[in-house]
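S.K.: Let me begin by handing over the structure; questions about it come next.
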Amino acid sequence: MANRGGFSSKLGFIMAAAGSAVGLGNIWKFPFEVGNGGGAAFVFIYLIFCFILCLPVMITEIAIGRKTQLNPVGAFSKLGFKGWRNLGKLGLISGFLILSFYNVVAGWAFGYFIEILLGNFEIGQNFSAFTSNVIKVGGYATIFMVSTAFIVSKGISGGIEKASKILMPTLILIILSLVAYSFTLEHSIEGLKFYLVPDFSKITLPVIYGALGQAFFSLSLGMGALITYGSYVGKNDNIITSAVLITLTDVGIAFIAGLMMFPLVAYMTEGGVAEYVQGGGGGAGLIFSTLPSVFEKMGPTLGVVIGSLFFLLLSFAALTSTVSLLEVPVSYVVDEHKVKRTRAVWGVAILIFIVGIPSLLGNGYSTFFTEFVTYFGAEKPTDFMTFIGHVANDTFLPLGGFLISVFAAYVWKKASLSDEISQGYPNYKGSIVEKYINFTISYLCPTILGVLFILTVLDRFFSISVVG
Ligand code: PHE
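So our numbering is basically just the index in the sequence shown, starting at one, shifted up by 1315.
As structure tokens, then:
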């Protein structure tokens, strides 16, 4: 295990796992998914998924990682039998695909930091011109992948831990000050209403599976990222409290990002939030199109300072996530194929970058990738990046969560899971927490995630609606 490294402290693990969870998923993706999902009803379903279904899956992933001290592929075959390696491989593929487009968006965030630093507040109105500028966004994406690979090649405790300790609290502070600012603007109440007052008639199947995919994505679940990180947790640490802290941090940050965004969107659209986000104003461009003009309104100096700091810290939050996404395939190649860490890191990073090129080109530059597929029965084509998101985040991650819970409950067995969790939590066995976790992973997760997986595939990709 000498070349795997380890976290120097319990807090180090929590910070790093929270660093993996907190990223573009919270600040870029969550607000526009809320917009697409019609507002507060989506938020409501999302919160239920996070705390009821995802938290037990997170605990299970960390326990599997700590038990086996291995990457996901090695972990599943060690605790089960060889065929379960494929579950680890599904996780590798998900992580691979996610990082391929995530890196592109992270590059945009970094690019916005530079643009706003140079006082270019107009960038918001020119978002699609920006994403079509392949030289620029390609350059930023390259910078991002190189930085990620550099940190991963330096090993776990050196890179990830130190960075997330300082930067996350700063990011939270900036967002909170933007929340306070957004509340002072006109129409902010309409934004808050859209975000917080649920209209339950809006709950449709796409809202449900959108919220599920978002919950898994945002918590970094279903692909073994937390198995890999769990392999670095000390035997005396309490897995349950760690998982609760990570979930609260992640959900909390997404929640305040929403508190910041919707009053701002309401201000920009003079109260027409729903019309704006659903009429094409939402989507991947939401934060990128709306925030610059808000910063501009703060005046040239303050706007540049706050605006560039915001995008810089967002880039760092994305970096702690890209690092965890890269760590999964790298730890696999290092453990299972005995490749040297540095070689593994650069090899995998280059491969993922190449797989990400269609996502890079599919935001305006290349019509082929911008109008990549048209699902059965759909009116408009879907771009490559969104398509990969539908496949990897919304389909593979919950499928991974389903299989992980089936694996833990019926192959590894609940008693072994309890044994692992009890280390660091002596009163666990027989407690209500144990009953709840066992019930969730044996019955609740397999049924809900299994059924939703089938419905999602039928509805999204084949336009077959079994319900409603
Ligand atoms: N959770 C990260 C985010 O919200 C993305 C991620 C997904 C990271 C899966 C690792 C694994 O930005």
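Note that beta-carbon positions come from the ideal geometry of N, C-alpha and C, so glycine has one too.
Computed from a prediction, not measured in an experiment: that's the story for all the values here.
If you run the structure through DSSP and keep just helix, strand and coil, what is T1697?
M.R.: Strand, per DSSP.
S.K.: Specify, as a first and last residue, the run of the alpha helix (DSSP H) that H1652 falls within.
M.R.: Counting along the chain, the alpha helix (DSSP H) containing H1652 begins and ends at P1615 to H1652.
S.K.: Could you give the DSSP three-state label for V1688: helix, strand or coil?
M.R.: If DSSP states are grouped into helix, strand and coil, V1688 belongs with the strands.
S.K.: Only counting the same chain, and skipping five residues up and downstream in sequence, which positions put a Cβ closer than 6 Å to that of D1817?
M.R.: An answer regarding residue 1817 cannot be provided, because it is not within the stretch 1316 to 1783 covered by the chain.
S.K.: Using 8 Å as the Cβ pair cut-off and three pairs as the minimum, do the segment 1527-1537 and the segment 1326-1339 touch?
M.R.: Touching, per the Cβ criterion.
S.K.: Looking at the secondary structure, which residues open and close the alpha helix (DSSP H) in which R1775 lies?
M.R.: Taken as a continuous stretch (DSSP letters only), R1775 belongs to no alpha helix (DSSP H), as it is neither H nor E.
S.K.: Is L1488 buried or exposed, if buried means 16 or more other CB atoms sit within 10 Å of its CB?
M.R.: Label assigned to L1488: exposed.
S.K.: By Cβ distance below 7 Å, which residues in the same chain neighbour I1763 in space, the five residues on each side in sequence not counted?
M.R.: L1368.
S.K.: If you draw a straight line from the alpha carbon of V1358 to that of V1349, how long is it in whole angstroms?
M.R.: Taking the straight line from one Cα to the other gives about 7 Å.
S.K.: Apply the 10 Å Cβ neighbour rule to D1698 and answer buried if 16 or more other Cβ atoms are within range, or exposed otherwise.
M.R.: Buried, because 16 or more other Cβ atoms sit within 10 Å of the Cβ of D1698.
S.K.: Would you mind reading off the limits of the alpha helix (DSSP H) that contains K1469?
M.R.: From DSSP, K1469 is part of no alpha helix (DSSP H); its letter is neither H nor E.
S.K.: D1514 to I1719, Cα distance in whole Å?
M.R.: Computed Cα separation, rounded: 33 Å.
S.K.: Quick check: does the Cβ of S1636 come within less than 7 Å of any heavy atom belonging to the ligand PHE?
M.R.: Yes.
S.K.: Buried or exposed: which applies to A1495, given that a residue is buried once 16 or more other Cβ atoms fall within 10 Å of its Cβ?
M.R.: Exposed is the call here.
S.K.: Is it a yes or a no for the segment 1678-1687 touching the segment 1577-1587, going by three-plus beta-carbon pairs under 8 Å?
M.R.: No, the segment 1678-1687 does not touch the segment 1577-1587.
S.K.: CA-CA distance, T1584 and S1674?
M.R.: Going from the Cα of T1584 to the Cα of S1674 covers about 29 Å.
S.K.: Could you have a look at M1483 and say whether DSSP puts it in helix, strand or coil?
M.R.: Helix.
S.K.: Closest by CA to V1512, which one among A1355, E1611 and V1670?
M.R.: Checking every option, the nearest Cα to that of V1512 belongs to A1355.
S.K.: Return the chain-ordered list of same chain residues with a C-beta closer than 7 Å to the C-beta of H1502, the five sequence neighbours on each side being excluded.
M.R.: The residues are A1581, Y1582, E1585 and G1586.
S.K.: Consider the C-beta atom of G1340 and the heavy atoms of the ligand PHE; say whether any pair is separated by less than 7 Å.
M.R.: Yes.
S.K.: Could you check whether the segment 1712-1726 touches the segment 1392-1399, counting it as contact only if at least three pairs of C-beta atoms, one from each stretch, sit closer than 8 Å?
M.R.: In short, these stretches touch, since the Cβ pair count reaches three.
S.K.: Looking at C-beta atoms only, is the number of pairs between the segment 1633-1642 and the segment 1539-1547 that lie closer than 8 Å three or more?
M.R.: Yes, since at least three Cβ pairs between the segment 1633-1642 and the segment 1539-1547 fall closer than 8 Å, the two stretches touch.
S.K.: The alpha helix (DSSP H) spanning P1280 covers which residue range?
M.R.: Only positions 1316 to 1783 of the chain appear in this structure, which leaves residue 1280 out of reach.
S.K.: Check whether the segment 1641-1654 touches the segment 1382-1389, counting contact only when three or more Cβ pairs, one atom from each stretch, lie closer than 8 Å.
M.R.: Counting Cβ pairs under 8 Å, three or more are found: they touch.
S.K.: For Q1529, count neighbouring Cβ atoms within 10 angstroms of its own Cβ and tell me buried if that reaches 16, exposed if not.
M.R.: The residue is buried, with at least 16 neighbouring Cβ atoms inside 10 Å.
S.K.: Alpha helix (DSSP H) containing V1580: first to last residue?
M.R.: Here the alpha helix (DSSP H) through V1580 covers I1554 to M1583.
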